[in-house]
Amino acid sequence: MAAVAPIKMEPGAPQPENPAAAGAIPQAIPVGAAPAWAQTPDQLRMGQGPAPTGGTPTATGVFTPMMIAGFISHANPPFTPGQNWQVIGKDSQMLFWYLKPGEEVIMQPGALVHRSHGITVGLKSSSCMACCVGGEELFKTVYSNPTSENQHLSVSPTFWGAKFFPLNLAHLPGGFSVKPGSFVCADSQNVVISARMVSSFGQAIGSMGLFLQTLSGTGTVFVEGGGTLLTKMLAPGEQLCFDQRSLVGIQNTVQMGVRRSGDCVMMVFGGNGLVVTEVTGPGLVVIQSMPKEVVAAKVMPVQGGG
Numbered sequence: 493m494a495a496v497a498p499i500k501m502e503p504g505a506p507q508p509e510n511p512a513a514a515g516a517i518p519q520a521i522p523v524g525a526a527p528a529w530a531q532t533p534d535q536l537r538m539g540q541g542p543a544p545t546g547g548t549p550t551a552t553g554v555f556t557p558m559m560i561a562g563f564i565s566h567a568n569p570p571f572t573p574g575q576n577w578q579v580i581g582k583d584s585q586m587l588f589w590y591l592k593p594g595e596e597v598i599m600q601p602g603a604l605v606h607r608s609h610g611i612t613v614g615l616k617s618s619s620c621m622a623c624c625v626g627g628e629e630l631f632k633t634v635y636s637n638p639t640s641e642n643q644h645l646s647v648s649p650t651f652w653g654a655k656f657f658p659l660n661l662a663h664l665p666g667g668f669s670v671k672p673g674s675f676v677c678a679d680s681q682n683v684v685i686s687a688r689m690v691s692s693f694g695q696a697i698g699s700m701g702l703f704l705q706t707l708s709g710t711g712t713v714f715v716e717g718g719g720t721l722l723t724k725m726l727a728p729g730e731q732l733c734f735d736q737r738s739l740v741g742i743q744n745t746v747q748m749g750v751r752r753s754g755d756c757v758m759m760v761f762g763g764n765g766l767v768v769t770e771v772t773g774p775g776l777v778v779i780q781s782m783p784k785e786v787v788a789a790k791v792m793p794v795q796g797g798g
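For the sequence shown, my numbering begins at 493 and goes up steadily by one.
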């Protein structure tokens, strides 16, 4: 196979087109010359301080294959001035909140790790649809700061190895759909958590089941995913296929369906099941390397009879 010639760029030169479409791999893009296709999309900006650049090249000024393909890896969301939250840890992360007077956090029951003495606790009922088919608890816990001093609390995800992924709903027109039970917490009671049925039976046997958990409204929402988290902004009509379990969520502008994982032999022996999930842009897609189902199967494998 013939080697692909690198794309050469001089400082100040015009930004190149996405080399993934041109079949070329850039090897020497100078630091600070990140092209448009490598920038963090609006959907990933938290609206609190400067927006991070997801396509920042390495110290040698080289874009990695993942960056060229348009993916962004998310380990810890960067802390920026003005944020009242911080994600800490690499695996099985913790989310630390610093609540000013009058601020509140709404979360799933059992997610709290600690809270300071001035924080009060209340309950908010979930919608019937979200409880019955969206994987939600009957009530959500609301932690508020009614004092005149700053207070703090921390939150944990629900399974080993999970990471927090923040979503700023102000940058997600129409909302965001995730696997049932993926919501952990939010900084506002104005976040609406509901459920919707998928548009076809084919989707129901894909990655998210018969119903999707939908997040809309205003505020910053934290969902959970396992292992390494990747995001990609799909262009209109752009398609990607994923393992059924690996999809964390999609922007509601993204169409989701399924396709056969291959021929009959591949479907039986390929290890990917009968179908794979297919998504079509435009919009944001979030995927994970270690889904909750995989973790549960490894920790508590099914025991045989006898």
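Beta carbons: idealized from backbone N, C-alpha and C, even for Gly.
Just so you know, these numbers come straight off a predicted model, no measurement behind them.
Count the other CB atoms within 10 Å of the CB of residue i; is the residue buried (16 or more) or exposed (fewer)?
i, result
"residue 567", "exposed"
"residue 654", "buried"
"residue 783", "buried"
"residue 580", "exposed"
"residue 523", "Because the pLDDT at residue 523 is just 35, under 50, the model does not fix this residue reliably, and the point stays unresolved."
"residue 637", "buried"
"residue 603", "buried"
"residue 702", "exposed"
"residue 723", "buried"
"residue 689", "exposed"
"residue 562", "buried"
"residue 788", "exposed"
Between residue i and residue j, how many whole angstroms is the CB-CB distance? I'm expecting something under 8 Å.
i, j, result
"residue 669", "residue 705", "7 Å"
"residue 713", "residue 776", "The pair is not a contact, with the Cβ atoms about 13 Å apart (cut-off 8 Å)."
"residue 750", "residue 769", "6 Å"
"residue 640", "residue 593", "5 Å"
"residue 643", "residue 608", "5 Å"
"residue 744", "residue 666", "4 Å"
"residue 678", "residue 742", "At roughly 19 Å, the Cβ-Cβ gap does not stay under 8 Å, so residue 678 and residue 742 are not in contact."
Sorted by chain position, which residues of the same chain lie with C-beta nearer than 8 Å to residue i's C-beta, five sequence neighbours on each side aside?
i, result
"residue 746", "726, 771, 772, 773, 774, 775, 776, 777"
"residue 791", "652"
"residue 582", "567, 568"
If you check the beta carbons only, do residue i and residue j fall under 8 Å apart?
i, j, result
"residue 716", "residue 676", "yes"
"residue 664", "residue 634", "no"
"residue 631", "residue 617", "yes"
"residue 718", "residue 683", "no"
"residue 800", "residue 585", "Residue numbering for the chain in the displayed model covers 493 to 798; residue 800 lies beyond these limits and cannot be assessed."
"residue 560", "residue 591", "no"
Go through its chain and collect everything with a Cβ distance to residue i's Cβ below 6 Å, but skip five positions before and after it.
i, result
"residue 732", "771"
"residue 720", "781"
"residue 595", "637"
"residue 785", "737"
"residue 514", "With a pLDDT of 46 at residue 514, under the threshold of 50, the modelled position of that residue is not reliable, and no figure is offered here."
Identify, in the order they occur along the chain, each residue of the same chain with its Cβ nearer than 7 Å to the Cβ of residue i, setting aside the five sequence neighbours on each side.
i, result
"residue 779", "722, 734, 738, 739, 740"
"residue 728", "773, 774"
"residue 709", "661, 682, 683, 684"
"residue 578", "571, 588"
"residue 674", "705, 715, 716, 740, 741"
"residue 606", "645, 646"
Review point. Which residue spans inside the segment 647-729 form an unbroken beta strand (DSSP E) run of at least 3?
Key: With a minimum length of 3 residues, the continuous beta strand (DSSP E) runs that stay inside the segment 647-729 are 654-660, 668-670, 675-678, 683-689, 703-709, 712-718, 721-726.
Practice item. Note down, one range per segment and in chain order, each beta strand (DSSP E) of at least 3 residues found wholly within the segment 563-592. Key: Counting whole runs of 3 or more residues, the segment 563-592 contains the beta strand (DSSP E) stretches 563-566, 577-580, 586-591.
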